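Residue numbers (this note's numbering): 19 to 589. C-beta atoms are modelled at their ideal positions from N, C-alpha and C, and glycine is treated no differently. Small disclaimer: the values here were computed from a predicted structure and weren't measured. Just below is one structure, and these are the notes that go with it.
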């Protein structure tokens, strides 16, 4: 921070009464840093000034306390770290309290801003503005952000002024939240029209040379937050009336009543579950499950005594597909060699099979470069990274909707996609640093018990240390980890040659792929997805039936397609 720069902090705290006279100020009220406190940072000196003037008079008279402090770089919220001990000896208690609170507020504000800026775009729990202000739309934003925070499991949502919404550039703001609306303070005006009352508040900070303002909005509790008796919700980055989206409205009320759904509190639609595979897996780890207690001990029951989603996932038939698709080229538009099914069994065995299949795909390559004696073998990809990515995808997948992870093999990489995004209490920095915040807490405990994962948070750092952060794409509803191939002399350019099937033409492969992705797909939907006419769809389906790739189960209206993997010539 340059010489003679003043840091001014605006209206962060309510009045603090000074109980008695002090050499640093007469008895009175320290109202705010804007009116009565100023911090001046120079190369080797910190000066705190406290004014005795009335806030309305704007006449500022300072009685100063000077403290020596050796400073190399004084940047924003770090000034408090090196002055606390000096303050304890030289300053009256009320100044110490103010400075400490000021530091906490600045640190919190900067953490909020940095966290929101770490995302590529806006999310449903924060909004960027520059100088925009419209009193009633602001109230509607508070309602929408508060309700969205509840749905997403966030404690708070945020509106931040001073940042461009399209490129996230910090530009600063002139927005004044202390204005009055018809002689009524803005904060009071908003609070009066919000129902129920929520404790929203403003923060202010300086980043670089730019002033930023944050509106902190607590999540809805008990009932949705409304503004002027209308409830709002965020849909992407838009603000909408909640009543237009009855499914979201019903989900919001469910969250407010019962809490966020989890794999342990949501009942499975399948109640005739068996667990022979789960018991066998535990035996392989030298653990014997007690038949009379393991349902409860492994958290497989809801409060009503019904099997939950976690029980379904760990049962002998999870009713969830787990597939590895292999394509010849670099995109899904290229020829598909095979789709290997690993689902419809206990999730632990599905995980084990997918990991073992990684060994099949990981082709050793001969590195003849600079060879003198023995030939060096280079593996196609880093298996440790593959293993960590697969385990993370299974463990942190958003299983609540029974949408499975997807593993896709291209000619130059493997993509491992898991559903959902970071858990509410996780930050982007914490994620990359390896702070462990499980999405599925009880499943995480089970993985730890079986030594599948360590819960040390080392998985993501292993991947980023090898391939960098660019290998992980965090989207609004998915996380994709990319494991690139390490090609040596173009050996094994077509991974599908090792495990593929070449008896189908492109149209038949496309139709089969769509049926695999959605066994309930109709012929009309296939026509749209594959861009083929009805006659072509009928012919391709007949070929797939005749070659025993698919079989129709049930009627044309209510049935579904069964995939006959035993005839697909995959290993």
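Between residue i and residue j, is the Cβ-Cβ spacing less than 9 Å?
i	j	result
residue 164	residue 266	no
residue 250	residue 159	yes
residue 357	residue 378	no
residue 168	residue 239	yes
residue 149	residue 192	yes
residue 244	residue 270	no
residue 408	residue 366	no
residue 436	residue 415	yes
residue 139	residue 442	no
residue 444	residue 427	no
residue 145	residue 176	yes
residue 123	residue 221	yes
residue 477	residue 410	yes
residue 345	residue 291	no
residue 541	residue 552	yes
residue 475	residue 422	no
Can you tell which of the options has the C-alpha that lies nearest to the C-alpha of residue i?
i	options	result
residue 198	582, 152, 167, 223	152
residue 492	124, 131, 132, 136	136
residue 505	211, 399, 422	399
residue 560	527, 175, 271, 149	527
residue 206	274, 451, 139, 157	157
residue 522	564, 270, 497	564
residue 287	329, 374, 351	329
residue 461	446, 324, 488, 418	418
residue 412	438, 350, 200, 186	438
residue 300	125, 569, 566, 469	469
residue 132	186, 166, 174	186
residue 403	254, 562, 291, 502	502
residue 406	479, 420, 576	479
residue 582	359, 318, 381, 545	359
Mapping the DSSP letters down to three states, classify residue i as helix, strand or coil.
i	result
residue 444	coil
residue 176	strand
residue 345	strand
residue 77	Caution is warranted here: a pLDDT of 34 is assigned to residue 77, below 50, making its placement in the model unreliable, and no coordinate value can be reported.
residue 526	helix
residue 485	helix
residue 579	strand
residue 569	strand
residue 574	coil
residue 14	An answer regarding residue 14 cannot be provided, because it is not within the stretch 19 to 589 covered by the chain.
residue 355	strand
residue 479	helix
residue 93	Residue placement at residue 93 cannot be trusted, given a pLDDT of 40 that sits under 50; what the coordinates show is reported in the next sentence. Coil.
residue 128	helix
residue 326	strand
residue 505	coil
residue 534	helix
residue 288	coil
residue 281	coil
residue 253	strand
residue 539	coil
residue 546	helix
What first and last residue would you give for the alpha helix (DSSP H) that runs through residue i?
i	result
residue 498	Residue 498 -> not in any alpha helix (DSSP H); beta strand (DSSP E) instead, spanning 496 to 502.
residue 164	153 to 170
residue 338	Where residue 338 is concerned, there is no enclosing alpha helix (DSSP H), given that its DSSP letter is neither H nor E.
residue 560	552 to 564
residue 294	294 to 302
residue 368	365 to 379
Looking at the unbroken beta strand (DSSP E) that takes in residue i, where does it start and where does it end?
i	result
residue 275	No beta strand (DSSP E) holds residue 275; the alpha helix (DSSP H) holding it covers 264 to 276.
residue 468	Note, residue 468: premise wrong, no beta strand (DSSP E); not H, not E.
residue 147	144 to 147
residue 257	256 to 259
residue 306	From DSSP, residue 306 is part of no beta strand (DSSP E); its letter is neither H nor E.
residue 490	490 to 492
residue 396	394 to 397
Problem set entry | 3-residue-minimum beta strand (DSSP E) runs that sit fully inside the region 194 to 247, ordered along the chain | 219 to 225, 228 to 236
For this session: Enumerate, from N- to C-terminal direction, the unbroken beta strand (DSSP E) stretches of 3 or more residues contained entirely within the region 403 to 451.
Result: 424 to 427, 431 to 437
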